[in-house]
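Residue numbers for the sequence shown, in the UniProt record's numbering: 1 to 622.
See below for the structure under consideration.
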Amino acid sequence: MKQKNNVGIPISTSLGNLENKVFESKRSFIAKKSLLKISALSILVAVFISLIAKFLIYLINLVTNISFFGLFNGEFHSPADNNLGLWVIVVPIIGGVIVGFMALYGSKAIRGHGIPEAMEQILVNQSKIKPSITILKPLSSAIAIGTGGPFGAEGPIIATGGALGSTLGQLFKINSNERKIILAAGATAGMSAVFGTPIAAIFLAIELLLFEFSPKAILPVALACITGAAGHHLLFESGPVFPMPNLIMPSNLALGIYSSVGIIIGFISIGLTKIVYFIEDTFEKIPIHWVWWPAVGGIAVGVIGYFSPHTLGVGYDNITAMLSGKTTLILMVSLCFFKFLSWSIALGSGTSGGTLAPLLTIGGAAGAILGSLILLAFPNSGINIPMASLIGMSAMFAGASRAYLTSITFALEATMQSNALLPLLGACTGSYLVSFFFMENTIMTEKIARRGIITPDSYEPDVLSKMNAEQIIKKDEFVLNSEDTIQSVLDILKNKHIKQNHFLVKDAEGSFDGILSVQNLITKNLSPQETISTSVKRNLSYINNVDTLKRALEILFLNKQEYAPVVSVSKNEIIGLISQKDILAAYNQHLLEDKKITANLSLTRQRKKVLVRGRQLIAKRK
C-alpha cells in the first residue's frame with residue numbers, strides 16, 4: 001500500500017511540494033540579496049551622478065561665459081545680459097554645428113531631450129545604453145545650452161544618469177529588470193541632484209521609467225534619490241531651488257479659479273506638444289543632412305534671442321523671477337511666446353537639451369498671464385500672480401507629460417510652499433484630464449510611439465497576483481474511482497455530457513490516488529475492460545487553495561505539470577484541481593471584463609491609424 005500523508009496525498013507528492021518550498025525559500029533569499037546589491041549599486045551611481053551634475057552645471061556656465069562674455073570661469077551669468085548685438089545670432093549656430101557633428105561621429109543618441117530615449121531603451125533594448133552617452137550627452141548638452149539653447153539641464157542629466165546606471169548594470173552582468181532599476185535610479189538621482197527634489201524624482205521613475213510600483217524597484221530608486229538630494233545640498237544649495245514669497249491658503253473661489261486655469265493650461269499643453277512634433281516632422285522634410293539641422297535650429301534661437309534675450313539659455317532665473325512676482329507682463333508674454341517658439345524649433349531640430357525647464361518657463365508665464373487677466377476682470381477673486389505662475393508651471397508639465405504626481409510634488413519641493421498643495425491638485429488634475437481625453441500620446445511618448453513602441457499607461461498589480469487558486473477551481477467536478485473501467489468512464493462522459501478534461505481519482509479507501517487525463521485515456525491503446533488505475537498520473541505536486549495564480553503557475557511550470565490537485569489549508573483536504581488552461585482562462589476573462597472599453601478604444605484608434613496610412617499611400621501613388 002502506498003504511504004500517504006494526512007491530506008490523503010502520496011508521500012512522494014508531498015516530497016515534491018517540499019522541494020518547491022525549499023526552492024521558494026532559496027528564491028526569496030536570493031531576491032533579498034539581489035535587492036541589497038542593486039540598492040548598493042544605485043547609491044554608488046547616485047554619488048557619481050551628483051558629481052556629474054555639478055560638473056554639467058559648471059560646464060554650462062563655462063560655455064555660456066566663453067560664448068557670450070569672453071570670460072573663462074564657471075560662475076553663473078545670464079546670456080540675456082550679453083552685449084554681442086547681432087553677433088548673438090551666430091553663437092547658437094556654432095553650437096548647433098558642434099552638436100550635429102558630435103551626433104554624427106559620436107552617437108545619434110545624444111539628440112533629443114533625454115527621457116524618451118531612456119524610456120525607449122527600457123522598453124525595447126533591455127535597458128542597455130551605450131557607455132559613451134555618459135560622456136557625450138552632458139558635453140553636447142553643455143555646448144547646446146551654453147551657446148544659447150533654450151533648454152534645461154535636467155533632461156541631459158537624466159539621460160546621463162540613466163546611461164551611467166545602465167553601464168554599471170552591464171558591467172556587473174545583472175538581468176534586464178535589475179538593469180532597468182539601476183538605470184531609473186541613475187536617471188532620477190540626476191534630477192534630484194540638480195533640483196533637490198527626491199520625492200518628485202521617485203514619482204518620475206514610477207510614472208515615466210519603471211512602469212511599476214514594488215519594493216524591489218522603489219527602494220533602490222528611493223535610496224539613489226536621497227543620495228542625489230544630499231549631493232544637491234552639498235554641491236549646490238540647501239534651500240528651495242525656486243525661492244518665492246510665502247503663499248497664503250486660497251479661498252474656495254480662488255481654488256475654483258486655479259483649477260480652471262489648469263484646464264486652460266491643459267489645452268495649451270496639447271497644442272504645444274502637437275506643434276513640437278509638427279516642427280520635428282518639418283525638419284524631416286528639409287533636403288539637407290540631419291547633421292545640419294541643429295545649426296538651422298540655431299538660426300531661429302539666435303534671431304529670437306536677439307529680440308528677446310531672456311529666451312537664451314536655461315532660464316532658471318526667469319522661473320525664480322516669475323514666482324517672486326518680479327516679472328513685468330510684457331516680459332511674461334515674451335517668455336511665453338518667444339521661449340516656446342525658440343525651444344520648439346531647437347528641439348525639433350534634434351539638438352541636445354531638456355524639456356522640463358522650458359515647460360516650467362512657458363507654463364509659469366502662461367499661468368501668470370491668465371492670472372493677471374483674471375485679476376483685471378475680477379479684482380476680488382482672491383488669486384495672486386505668484387500662485388498662478390506656480391500652478392501654470394506644474395499644470396503645463398502635467399498636461400504635456402502626464403506625469404501627474406511628479407508635477408505636483410516637484411512644485412512643492414522646489415518651492416517649499418505647502419499652502420500651494422490644493423491649488424496644485426486642482427490645476428494638475430484639470431490639465432491631466434484634458435490631456436488624457438484629447439491627446440493620445442504625450443511629449444515624452446509621441447516620438448517612440450511613432451516607432452511602434454507601446455508605453456504602459458497603468459501600474460496595477462499583476463492580475464495573476466490578485467487571484468488565488470480557490471477562486472477559479474470547480475468544486476463540483478466529477479470524481480472517479482481508480483477501480484472504474486475505461487469503458488465505464490467513457491460511457492459516463494458520453495451519457496452525462498461531462499466536459500471535464502481532467503478528473504480527480506480516489507482509491508478504494510477513498511483517498512486521493514492521482515489525476516486522470518481524458519486525452520491520455522483516449523489516445524492510449526488500452527482494453528476497454530481495463531481499470532483506469534494504470535492511466536492515473538501520480539506523484540504530482542499540489543497547490544494550496546490560498547496560493548496566488550502566479551504561484552500556482554510557477555509550481556506547474558517548475559514541475560512540468562499541466563495540472564495539479566488543490567488542497568484546502570483550513571480543511572486539510574483536496575477540494576479540486578487546477579490546470580494551466582484554467583489559469584489562462586481566468587486571466588483572459590479578467591482582460592475581457594476589466595479592459596473591454598480600453599480594447600474598443602484602442603481598436604478604434606488603430607483603425608483610424610490604418611485609415612490615415614491608407615490615404616497617405618493612395619495620395620503618394622496618385
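From the three backbone atoms N, C-alpha and C, an ideal C-beta is built for every residue, glycine too.
Since we're looking at a predicted model, the values are computed, not measured.
In the three-state reduction of the DSSP assignment, D513 falls in the strand class, which pools E and B. For I575, the enclosing beta strand (DSSP E) covers residues E573 to S579. Taking C-beta atoms as the reference points, G152 and A366 fail to come closer than 9 Å.
Here the segment 102 to 121 makes no contact with the segment 313 to 322; the two share fewer than three CB pairs at distances below 8 Å. A check of alpha carbon separations from V314 across L359, K274 and V276 identifies L359 as the nearest. Around the CB of V479, fewer than 16 other CB atoms lie within 10 Å, so the residue is classed as exposed. M102 sits buried, since 16 or more C-beta atoms from the chains shown fall within 10 Å of its C-beta.
Listed in chain order, the non-local C-beta contacts of P131 below 6 Å within the same chain comprise T167, local neighbours out to five positions each way being set aside. Around the CB of L171, fewer than 16 other CB atoms lie within 10 Å, so the residue is classed as exposed. Check the Cα spacing between N544 and each of N495, V567, L123 and Y258: the tightest is with V567. Put simply, of G262, K494, Q589 and L35 the residue whose alpha carbon is nearest the alpha carbon of A217 is L35.
Assignment of beta-bridge partners to F503 by DSSP yields L516.
With distances taken between CA atoms, K37 lies nearest to G169 out of G190, S482 and G169.
Three or more Cβ pairs closer than 8 Å define a contact, and the segment 435 to 452 falls short of that threshold against the segment 478 to 495. Between the alpha carbons of S42 and K173 lies a distance of about 15 Å.
In the structure shown, the three-state DSSP call for Y563 is strand. With fewer than 16 other CB atoms across the displayed protein chains lying within 10 angstroms of its CB, Q519 is exposed. When DSSP states are grouped into helix, strand and coil, T167 belongs to the helix group. Under the DSSP assignment, L312 falls outside any beta strand (DSSP E); it carries neither an H nor an E label. The beta carbon of P565 sits closer than 6 Å to the beta carbons of Y542, I574 and L577 from its chain, once the five residues preceding and following it are set aside; these are given in chain order. With contacts defined as CB atoms closer than 9 Å, P198 and I157 fail to qualify as a contacting pair.
By the beta-carbon neighbour count (other beta carbons within 10 angstroms, threshold 16), Y105 is exposed. Shown here, V463 sits in a helix according to DSSP, grouped into three states. Within the DSSP secondary-structure output, T485 pairs in a beta bridge with T531.
For A222, the uninterrupted alpha helix (DSSP H) run begins and ends at P215 to L235, by DSSP. Around the beta-carbon of I532, 16 or more other beta-carbon atoms lie within 10 Å, marking it buried.
Scanning E530, T548 and E562 for the CA closest to the CA of L540 turns up E562. In this structure, I52 keeps its C-beta atom at 9 Å or more from the C-beta atom of G146. Here L480 is bridged, per DSSP, to V505. DSSP, reduced to helix, strand and coil, places T327 outside both helices and strands of the structure shown, so it counts as coil. The Cβ atoms of I110 and S67 do not sit closer than 9 Å to each other. By the neighbour-count criterion, in which a residue is buried when 16 or more other Cβ atoms sit within 10 angstroms of its Cβ, P294 is buried.
With a cutoff of 9 Å on beta-carbon distance, I385 and G325 are scored as near each other. If you compare the alpha carbons of T406, L504 and N468 with that of V569, the shortest gap goes to N468. If you look at L210, you'll find it isn't in any alpha helix (DSSP H); DSSP assigns it neither H nor E.
With fewer than three CB-CB distances shorter than 8 Å, the segment 341 to 358 does not count as touching the segment 369 to 380.
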